[in-house]
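Quick notes on the structure that follows.
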Amino acid sequence: MSDPFLISHLKNIPLFARLTQPQVSLIAEIVQVHRLEPGTLALQEGQPSTGMIVFVSGRGLLTRRRGDGFEEQIAAVGGGQFLNEASLYEARLETVSLRIVESAVVLFIPRDPFTRVIGRHAEIRANLRIPGSSHPAGAGQSAPAHPPAQPIAQAQSAPPAKMVSRPAPLA
Numbered sequence: 000m001s002d003p004f005l006i007s008h009l010k011n012i013p014l015f016a017r018l019t020q021p022q023v024s025l026i027a028e029i030v031q032v033h034r035l036e037p038g039t040l041a042l043q044e045g046q047p048s049t050g051m052i053v054f055v056s057g058r059g060l061l062t063r064r065r066g067d068g069f070e071e072q073i074a075a076v077g078g079g080q081f082l083n084e085a086s087l088y089e090a091r092l093e094t095v096s097l098r099i100v101e102s103a104v105v106l107f108i109p110r111d112p113f114t115r116v117i118g119r120h121a122e123i124r125a126n127l128r129i130p131g132s133s134h135p136a137g138a139g140q141s142a143p144a145h146p147p148a149q150p151i152a153q154a155q156s157a158p159p160a161k162m163v164s165r166p167a168p169l170a
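Residue numbers for the sequence shown follow numbering that gives the first Met the number 0, so the first one is 0 and each next one is one higher.
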């Protein structure tokens, strides 16, 4: 049975906006829901990136180590925002760390299961709204229940978004 909570949040991510209800349900089956508490290091700069994070609620800070060893804050992330969509398609290393500063509920979409789902279901792959692709707009889509999720805007000096990894296990 499909989880309406997951479905509604997934449909607000541009990547999944053109998927049908059954297709979103297949993606929802691989999504992990995590509650992260303040102080949790949800991802660490330099570690392998393994999937995408969608913030449902709460807040985190993205930081990067400078050449002098000090950590600088580059952005804040919160409800309705997502990180690391590109990690669903390719292996990469985290370019930032993410520390939770306000209790957060996040959805984690792991790359390996995601790759298996779209590998078995060509119709899902065809309906994904992959950045830079030119798929025709989907027809008959209903309006989302929530405002569309937004990618994290980086500070001017930051490189393109290559951010999120697996949240730390719940204690």
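The beta-carbon is built from N, C-alpha and C at its ideal position, and this holds for glycine as well.
Strictly by DSSP, which residues pair up with residue i?
i: residue 7; result: For residue 7, which the question treats as bridged, DSSP gives no partner whatsoever.
i: residue 106; result: 32 and 53
i: residue 99; result: 59
Is residue i near the ligand FAD, going by C-beta to nearest heavy atom under 7 Å?
i: residue 87; result: Within the structure as shown, the ligand FAD is missing, as the structure has no ligands at all.
Measure how close the beta-carbons of residue i and residue j come, nearest whole angstrom, since I'm counting them as under 8 Å.
i: residue 129; j: residue 81; result: With 8 Å as the limit, residue 129 and residue 81 do not qualify as a contact, their Cβ atoms being about 14 Å apart.
i: residue 30; j: residue 105; result: No, residue 30 and residue 105 are not in contact; Cβ-Cβ is about 10 Å, not under 8 Å.
i: residue 58; j: residue 77; result: 4 Å
i: residue 50; j: residue 6; result: Going by Cβ atoms, the distance from residue 50 to residue 6 rounds to 18 Å, so no, they are not a contact pair.
i: residue 22; j: residue 126; result: 6 Å
i: residue 62; j: residue 96; result: 5 Å
i: residue 103; j: residue 18; result: Wrong, their Cβ atoms sit about 25 Å apart, outside the cutoff.
i: residue 9; j: residue 84; result: That belief does not hold up - the Cβ atoms of residue 9 and residue 84 are roughly 12 Å apart, past 8 Å.
With 16 as the cutoff for other CB atoms within 10 Å, does residue i come out buried or exposed?
i: residue 16; result: buried
i: residue 122; result: exposed
i: residue 113; result: buried
Figure out for me which residue from the options has the closest Cα to the Cα of residue i.
i: residue 115; options: 48, 87 and 66; result: 87
i: residue 119; options: 26, 36 and 10; result: 26
i: residue 111; options: 90, 71 and 3; result: 90
i: residue 93; options: 117, 48, 23 and 41; result: 48
i: residue 101; options: 38, 21 and 42; result: 38
i: residue 74; options: 60, 83 and 32; result: 60
i: residue 79; options: 66, 65, 64 and 56; result: 56
i: residue 32; options: 40, 2 and 42; result: 2
Item to check | Uninterrupted beta strand (DSSP E) stretches inside the region 29 to 96 (no shorter than 3 residues) | outcome: If only uninterrupted beta strand (DSSP E) runs of at least 3 residues are considered, those enclosed by the region 29 to 96 are 31 to 35, 40 to 42, 50 to 64, 70 to 77 and 80 to 82.
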